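> Numbering (the numbering used here), first residue to last: 129 to 296.
See below:
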């Protein structure tokens with residue numbers, strides 16, 4: 129659920145401008161943070177990560193799972209591949225191009241630091257270096273089907289031999 133104090137249209141507009149939306153209080157307290165996050169977004173886009181947007185909220189919602197809802201809504205309202213929403217006590221990341229497993233692996237590293245720029249860099253690195261994202265799922269599926277067909281074939285031959293044996 130989106131908390132009442134969150135203006136999704138405003139956040140989406142700010143993401144559309146420079147891919148970073150900064151809470152007013154956090155922005156005044158850390159004047160270089162927005163610029164540093166814009167650089168982190170540019171680095172992510174030049175790597176294999178894809179387009180990224182970051183929202184920094186001044187306060188953590190009472191229900192921290194709302195951060196994921198905010199991120200998901202902003203992802204759907206934008207052309208971005210992934211969206212991070214950070215708050216003082218938590219954060220969330222969603223993506224249209226990265227698996228949930230890879231995101232959660234990277235998110236663990238992201239949430240392990242209060243440095244939002246470092247956390248973003250760790251997330252991007254964790255996702256792009258994740259073994260989960262490097263698995264050739266089509267090849268795994270093909271081998272699984274070959275194995276299944278072999279098992280079915282062996283079972284059919286075994287049943288046929290038993291039928292012939294009992295009919296003699």
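Even for Gly, the Cβ is constructed at its ideal location relative to N, Cα and C.
Treat the numbers as computed from the prediction; the structure is a model and nothing was measured.
Take every Cβ of the region 182-199, pair it with every Cβ of the region 264-276, and state whether three or more of those distances are shorter than 8 Å.
At 8 Å Cβ cutoff, the stretches do not touch.
> Decide if residue 281 is buried, meaning its Cβ has at least 16 other Cβ atoms within 10 Å, or exposed.
Counting from one through the chain shown, the residue named residue 281 turns up at place 153. Classification of residue 281: exposed, given that the 10 Å Cβ count is below 16.
> Are the region 206-218 and the region 172-180 in contact at 8 Å, needing three or more beta carbon pairs?
Touching, per the Cβ criterion.
> Restricting to Cα atoms, I'd like to know which of 191, 289, 171 and 222 is closest to residue 245.
The sequence position of residue 245 within the chain shown is 117, counting from 1. For the residues 191, 289, 171 and 222, the minimum Cα distance to residue 245 belongs to 171.
> With DSSP collapsed to three states, give me the class of residue 149.
For the purposes of this step, residue 149 is taken as the residue at position 21 of the chain shown. Strand, per DSSP.
> Helix, strand or coil for residue 134? Go by DSSP, reduced to three states.
Your numbering for residue 134 matches position 6 in the chain shown. Residue 134: coil per DSSP, three-state reduction.
> With distances taken from CA atoms, which of 218, 234, 164 and 189 is nearest residue 242?
Taking the first residue of the chain shown as position 1, residue 242 is located at position 114. Of the candidates 218, 234, 164 and 189, the one whose C-alpha sits nearest the C-alpha of residue 242 is 218.
> On the DSSP letters alone, give me the boundaries of the alpha helix (DSSP H) that residue 195 sits inside.
Position 67 of the chain shown holds residue 195. Element bounds for residue 195: 194-204.
> Put residue 255 into one of helix, strand or coil per three-state DSSP.
Counting from one through the chain shown, the residue named residue 255 turns up at place 127. Note: residue 255 maps to helix in three-state DSSP.
> What separation, rounded to the nearest whole angstrom, lies between the Cα atoms of residue 234 and residue 210?
Reading the chain shown from its first residue, position 106 is the one you call residue 234. Reading the chain shown from its first residue, position 82 is the one you call residue 210. So the alpha carbons of these two residues sit roughly 13 Å apart.
> From which residue to which residue does the beta strand (DSSP E) around residue 222 run?
By 1-based counting over the chain shown, the position of residue 222 is 94. Residues 218-223.
> Since residue 212 sits in a beta bridge, which residues does DSSP pair it with?
On the chain shown, residue 212 is found 84 positions in, with the first residue counted as 1. For residue 212, which the question treats as bridged, DSSP gives the partners 182 and 221.
> Distance check for residue 169 and residue 147, CA to CA, integer angstroms please.
Counting from 1 along the chain shown, the entry for residue 147 is found at position 19. Counting from 1 along the chain shown, the entry for residue 169 is found at position 41. C-alpha separation (whole angstroms): 7 Å.
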